[in-house]
Amino acid sequence: MGLATARAFARAGAAVVLADLDRRAAERASEDLTDAGHRALGLGCDVAAEEQAAAMVDIVEQQPIGRLGAADEIADAALWLCGPGAGFVIGTALPADGGFTVH
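Residue numbering for the sequence shown follows the UniProt record's numbering, beginning at 1 and increasing consecutively.
What follows is the structure, encoded as structure tokens:
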């Protein structure tokens, strides 16, 4: 389910980080996405291991906004575009990537 979600976000233009106990599987999945023209990073990580979780924090800190985005934040952006608040917005792309594309 996580990989399917990551693929959907990547197809929608998001940069994704794939973390799995099986590092090679995460790398293969990210390679498939990057070969298809998406931005993806595959890492081996056991989030139950404190030192590995800390390494993931280092990756997050490299993001311009200092964290990875949450799914509800992306959904909120899409809902705003579909709602009355964006009634005057026509034909635009809304980069919801925490500043990654301009970094």
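Beta carbons are placed, not taken as given, at the ideal position from N, Cα and C, and that holds for glycine.
- When the five nearest sequence neighbours on each side are left out, the beta carbons in the same chain lying within less than 7 Å of the beta carbon of Pro95 are those of Thr101, in order along the chain.
- Its Cα nearest to that of Thr5, the residue Ile74 stands out among Glu61, Val57, Ile74 and Val60.
- Per the Cβ contact rule, the stretch 76-84 is not in contact with the stretch 47-62 (fewer than 3 Cβ pairs under 8 Å).
- Restricted to the stretch 19-55, the alpha helix (DSSP H) segments that are unbroken, complete and at least 4 residues in length are 23-35, listed in chain order.
- Non-local beta-carbon contacts of Ala19 in its own chain, meaning distances under 7 Å to residues more than five positions away in sequence, involve Ala26, Leu43, Cys45 and Met56 in chain order.
- For Asp32, the closest alpha carbon among the candidates Met1, Val89 and Arg7 is that of Arg7.
- With respect to the 7 Å criterion, Ala40 and Val47 are not classified as neighbours on the basis of their beta carbons.
- Under the DSSP definition of a beta bridge, Val16 partners with Ala40.
- Here Ala10 is buried. Its C-beta has 16 or more other C-beta atoms within 10 Å.
- With fewer than 16 other Cβ atoms inside 10 Å of its own Cβ, Asp76 counts as exposed.
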